[in-house]
Every structure is written in C-alpha cells, then in structure tokens.
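Read the structure below first, then the notes.
Residue numbers (our numbering), protein chains in the order written: chain A, 1 to 198; chain B, 1 to 490.
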C-alpha cells in the first residue's frame, strides 16, 4: 500500500507516479489524480476508438463515456490486471456496444471499389505505400474486417500489445488471440492485395 | 515444427492455413527458436512463401503507419464538465443502485410471466365472470327500465294522422283523454317531446285528400305522397313503445322525423305544387316552412328516409312514472311486430297504462327539483314536456332535400311555453331559467303566430287554395272537423 502521506508531500511529482499509485490515491479520496490518468491515456483510448470506427466525430463521445465508466468503477479496481489493459477492455466493450447500437455497418466497400475500372481509381492503388491515399485505403480495409478481427490487428500492430494483454482485453484465450490475428491478417491481405502487389 | 495439436509436421507438408498461422507468429516474433529456424529454412527454399512474408511485413508497416487522430486539448475540460454534471444529476432514476437493474428487470419479467400463467389458468373463470357481468349490466339496463312485454304505441294510425304529424309534429295518443304526443327538434331549442292535453285543438284537422286537392297535386304526386305517408306510418309505429311496467320509450330520432317527412313531401312535388304546399303550411297554421328552390336540389326520393333501424343499441328517451332518462336500448322490433295483433282488452289496458303513466309522471315531477344535465322536464297537472339538450343525443343525419325550418323562432311553442303557468315547476335543471317566457301574457294564438310569421300576412289565400273553409283568418279550428280517433279504442 502506498504511503499516502508521502504521496501528498510530493504532489508536484504526481505526473511521474505509476498507475497503481495514482489509483490508490484516487481510491483514498484524492480524486484530482484522475486527471493525470486521463491525460496519460486519453490519446491512446481515442486512437483505439478511431481505429475501430474510423470516424473522428464519434471518438470524443465514446472516449468520454469510457472515462466516465472508469471514474465510476475505479473505486472498485482490485489491481488484478494492469490499469492499461483494464482501460482498454472498457474501451473495446464500449465500442462494441456502440457498434451494436448502430446495427448498420455501412462500411466503405473496398471490394466494390476494386472492381471499379476507372482510371482515377487505378491511379490511386498504384501510388506508393506511404502515400496518404494508400493509408486511407488501409483504413478502409480495416473497416472491412468484422469487429472481432479488426480489434486484434489494431491492438497488435498499432498498439503493440502482447498476446497475453490482448487476451485480457478481448476476454478470451491466448490461442484464440493468435488464431484471430492470423485470420485477420489473411483477410486484410486479400483486401489489400491490389495495393500490396502493385 | 509443431502444429496446433502438438504433432510435428514437416515444412514440406505445410498447408496454406498453417503457413498463414506461422507467418503471423513469425511476424510477431512469437515462434520458439527451433521452429523459427526451421521456418526460415522453409522460407529460403520456398520463394513464394518468402514473397508472401514480405507482403505481410509490408501490410504490417502500412497498418503501423496508420495515422492516429489529432489530439484534443479540450478533452479533459469536456470530460470534467460531464463528470460534474454526472455528479449533480446521477443518471439513475431507479430506487436502487444501478447494479441491481438487471436483477429488477428479471424479477419484473418473472412476475409478469407468473401473472400471465395464472390468468391463463383461470381464463374459464374470468370469461364466466365477465360474461355474467355483461349480462347483469344488460339486465339492469333494460330490465329496470323496460320490463316485461313491449308494445308499439302507434299501431293503428291512419294516413291523415301521419300527415298531421308531418305538418304539426303531433300524434294522437288517447282520444278519450284528448292527449297527444308532440315532438320538435331545432338547433335553437334542442329536442322536445311533450305529452299534452287538447293539443289537437290548436291545429286544424287535415286529410290527405284535402291536402292533395289544395295543392293541386297530380296523380303521380298523389301516389308519391301516399307512399311517403305509408312508409312514415311504419316508421312511427316502430318509434314509440309502451312497457308492461308503465314505461314509455320514444325513439330519439322521432323528434326530427316530422320535418324529414315534410321535406320529402316537398321534394316529391313540382315547383308550382311546392309553392302551394308552402302556402298551405302557412294557412293551415303549421309551425314549419321550407325554402323553395327554383329547381329541385336533388331527385325527389320516392320514400321518406327511414329512421335508422340497425340491429344495435339505439337511443330512446325512456319515461317511467318516476324517472326520465336517455338510454340505449336494444329492442327487437321485428320480433315485436311479428307478435299477433293486440286484442281489444290489451289495447284498453295499454290506453289505461298510458294515461296512468302520463298522470303519474306529471304528478311525480311536480314540485320536485333534480339535476340532470341532459334533460329538463316541465310538468303540469296532466301534461309534461321533456327538453333534451343537443349534445345528449347522437343522431343519424336524415337527408332533407329541402330544409324545413320553424316559420318563426317561437312558432313551435310547446304547452309549457304557450300558457301562463306560474305554478309549473321545472325539474332536472336547477340552473336553467324557469319556463316564464318574456311575454307571459300569451296572446291569442292567432296573434302570436301572425306576429312571428311575416309570410302569413302576404298570403292571398283565396287565390292560392280553393278550400271550402274560411281562410281569411289564421287557421281556425274547424268546429266540424274530424276529431282524433283513438287508435287503441275499438
């Protein structure tokens, strides 16, 4: 247990404290430290949501709901997992809820776009991978994936999490994570084939 | 190399799916040292697999290079505001913590299901209960008001009397007692039903033959008028019933029926006869007139529109010796009419019962004051008038080819309005004005009617109607006129 007296004495250096220390302070009534946790993780949470939805307009709303949920549940946090994975799990669950609410998944159909024979599109898929248009195609390719395959790629390739962390966030076995990741990469490989093989 | 199931496989026998799994693990650096070495050997010997690995690496770079969202420096202020709002207005309208919501919902569903099962199991009892209740209500409704055998009051009308009804709204009830039923309906005065004595003395006696002669009706018109009167006679017969327990039911639509009849008679005539008919109304002292259109507004109907008689609960004004009400009653008219003709004794009993009812009701209502928003009752020693408020009745609109109206606002005067009756009590409406009219010194009827009827002064009676009676004055009661015959007295 963190010595709260010591912590209060060194308020100026709270930004440098670990998540566990800050959570302990929060649980002991120092709610101000919540701001530090938010500032530490808000951008990652926002990026995760953005990767899942690829819509900037919904990011802040969902991210705020995530942190409100964290704020409500933090007093009961039992340190059985890292705060980081716990926060990601809440984020993924909130995103799933939102996707379920929408029911409509009118994602951009990359396949239909690939079928297009217009010169404009052909010029787009032949650009260099670093080109913004290529990144946009990758974004849209990710959106083509079902949510349960999209999340593993985001968590692994964008956030660089371990299989174990991913399993905790996705609430499944490590083997399932590996399997889903493999299938997700294969699916994305097929979607991006024209771009990759150009 | 080990497969997912733990068996060793050679790189030569690797499947596409296994290759994809190995590629993914290799990319993540998740292969153990031995498997990694063998896989690298496999890649060295398989250019296609090596090429595929390059593709996967390129794909991973593309995904990793995916730009993130622009940082929002207002994120914390916005979140902080929402948190403050959340604290001020906790989003929990339940009387228990939110964590118990699923439990509460489950309990609610369970209870609803249990209630549903119980109701289903007891459906026989419930059905019986509601059926009995309905029957009970029906019995209370009809039984208390109209007990016993019902008899149509007007079974023996002749066409002259039906024409009298059309022109004046009166029907003879009891010649011995000189009692008549009189009805009227207007926007200004609502619906009125009156049982009064000596009503016939206020109007000249009319006959169909004389009427048709006076208006110069053609043979075809004569047949039309006759047809209208025949139909109307049947309708009137089905509109007033006397119950075994001295109760009387008057169909709500009867009050408009006389005007409807008159309108249809007018529609069956050509313009010259229609003009004469209008003048005839003025001369004969009918309180009604109609607007003559230059051409018929609609094809003249051959028959008077029937009083609606669907097999449903219909509105009747029901009078018993000690009550008066508007009630929906389902009377099986066809069944009643199928009964054998009444015997002389039955008719005498019915006449006596009618006289007794009128006397008892008039006596009962004298001096009493009760509130009833729908009805006002005015009673004298041997008569009573019932005024029904407009909104109390639901009427089927009767088509009137020609609009029949009162000749003057006060042309249709009921007994309680026509005579000075300072002692006449008003019951059922304490707030309504007493029946003292502005001019209580009721002038002679002739003055009163001519005063209110400008048309009556302009009529050149001799040139219009060549009737044998003296028509210089307002309609006078012909001393030699045929008296009402009691249809029930043989």
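Where is the CB? At the ideal position from N, CA and C, for every residue including glycine. Since the model is a prediction, treat every value here as computed from it, not as a measurement.
Whole-angstrom distance between residue j and residue i, CA atom to CA atom
i	j	result
residue 270 of chain B	residue 284 of chain B	20 Å
residue 180 of chain B	residue 152 of chain B	15 Å
residue 123 of chain B	residue 105 of chain B	27 Å
residue 343 of chain B	residue 349 of chain B	10 Å
residue 347 of chain B	residue 219 of chain B	37 Å
residue 99 of chain B	residue 65 of chain B	41 Å
residue 369 of chain B	residue 280 of chain B	Because residue 369 of chain B carries a pLDDT of 47, less than 50, the predicted location of this residue cannot be relied on, and the following value inherits that uncertainty. Going from the Cα of residue 369 of chain B to the Cα of residue 280 of chain B covers about 42 Å.
residue 168 of chain B	residue 345 of chain B	31 Å
residue 143 of chain A	residue 53 of chain A	7 Å
residue 252 of chain B	residue 316 of chain B	5 Å
residue 109 of chain B	residue 117 of chain B	12 Å
residue 221 of chain B	residue 406 of chain B	25 Å
residue 207 of chain B	residue 224 of chain B	16 Å
residue 4 of chain A	residue 20 of chain B	In this prediction, residue 4 of chain A scores a pLDDT of 48, lower than 50, which makes its location untrustworthy; no coordinate-derived value is stated.
residue 40 of chain A	residue 88 of chain A	13 Å
residue 292 of chain B	residue 274 of chain B	7 Å
residue 393 of chain B	residue 328 of chain B	10 Å
residue 76 of chain A	residue 102 of chain B	19 Å
residue 184 of chain B	residue 131 of chain B	40 Å
residue 504 of chain B	residue 379 of chain B	Since the first residue of chain B shown is 1 and the last is 490, residue 504 of chain B is not available in this structure.
residue 355 of chain B	residue 365 of chain B	15 Å
residue 17 of chain B	residue 120 of chain B	57 Å
residue 233 of chain B	residue 159 of chain B	7 Å
residue 185 of chain A	residue 87 of chain B	44 Å
residue 156 of chain B	residue 150 of chain B	16 Å
residue 213 of chain B	residue 319 of chain B	40 Å
residue 243 of chain B	residue 276 of chain B	42 Å
residue 268 of chain B	residue 176 of chain B	36 Å
Neighbour-count burial assignment, residue i, 16 or more Cβ in a 10 Å radius
i	result
residue 261 of chain B	buried
residue 153 of chain A	buried
residue 68 of chain B	exposed
residue 174 of chain B	buried
residue 111 of chain B	exposed
residue 160 of chain A	exposed
residue 156 of chain A	buried
residue 383 of chain B	buried
residue 16 of chain A	exposed
residue 290 of chain B	buried
residue 91 of chain A	buried
residue 86 of chain A	buried
residue 129 of chain B	exposed
residue 497 of chain B	Outside the displayed range of chain B (1 to 490) lies residue 497 of chain B, so it cannot be described from this structure.
residue 63 of chain B	buried
residue 80 of chain A	exposed
residue 115 of chain B	exposed
residue 47 of chain B	exposed
N- and C-terminal bounds of the alpha helix (DSSP H) containing residue i
i	result
residue 221 of chain B	219-237
residue 243 of chain B	Element bounds for residue 243 of chain B: not the alpha helix (DSSP H) but the beta strand (DSSP E), 240-243.
residue 190 of chain A	174-191
residue 116 of chain B	101-121
residue 281 of chain B	271-284
residue 85 of chain A	83-102
Chain E contact for residue i (CB, 7 Å cutoff)
i	result
residue 393 of chain B	The displayed structure is made up of protein chains A and B, and chain E is not among them.
Span of the beta strand (DSSP E), counted from its first residue to its last, around residue i
i	result
residue 319 of chain B	314-320
residue 155 of chain B	First-last for residue 155 of chain B: undefined, no H or E at that position.
residue 172 of chain B	170-174
residue 375 of chain B	375-379
residue 196 of chain B	190-197
residue 249 of chain B	248-251
residue 18 of chain A	Unbroken run through residue 18 of chain A: none, as it is neither H nor E.
residue 70 of chain B	No beta strand (DSSP E) contains residue 70 of chain B, which DSSP labels as neither H nor E.
residue 326 of chain B	323-329
residue 354 of chain B	Careful: residue 354 of chain B lies outside any beta strand (DSSP E), inside the alpha helix (DSSP H) at 344-365.
residue 179 of chain B	179-186
Interface positions of the region 15-39 of chain B facing chain A (Cβ-Cβ less than 8 Å), listed along the chain: 20, 21, 23, 24, 25, 27, 28 and 30
Contact between the region 45-65 of chain B and the region 18-29 of chain B (3+ Cβ pairs under 8 Å): yes
Residues of the region 58-74 of chain A with Cβ closer than 8 Å to any Cβ of chain B, in chain order: 59, 60, 63, 64, 67, 68 and 71
Members of the region 55-75 of chain B near chain A, C-beta cut-off 9 Å: 55, 56, 58, 59, 60, 61, 62, 63, 64, 65, 66, 67, 68, 69, 70, 71, 72, 74 and 75
Short-range partners of chain B found in the region 176-195 of chain A, where Cβ spacing is below 9 Å: 178, 179, 181, 182, 183, 184, 185, 186, 188, 189, 192, 193 and 195
Cβ contact check for the region 54-62 of chain A and the region 19-39 of chain A: 3 or more pairs under 8 Å: no
Contact the region 174-191 of chain A vs the region 70-87 of chain B: 3+ CB pairs below 8 Å: no
Touching by the beta-carbon criterion (3+ pairs, under 8 Å), the region 198-208 of chain B and the region 159-176 of chain B: yes
Touch test, the region 398-407 of chain B against the region 352-363 of chain B, Cβ-Cβ under 8 Å, three pairs minimum: no
The region 254-268 of chain B contacting the region 181-198 of chain B, beta-carbon criterion three pairs below 8 Å: yes
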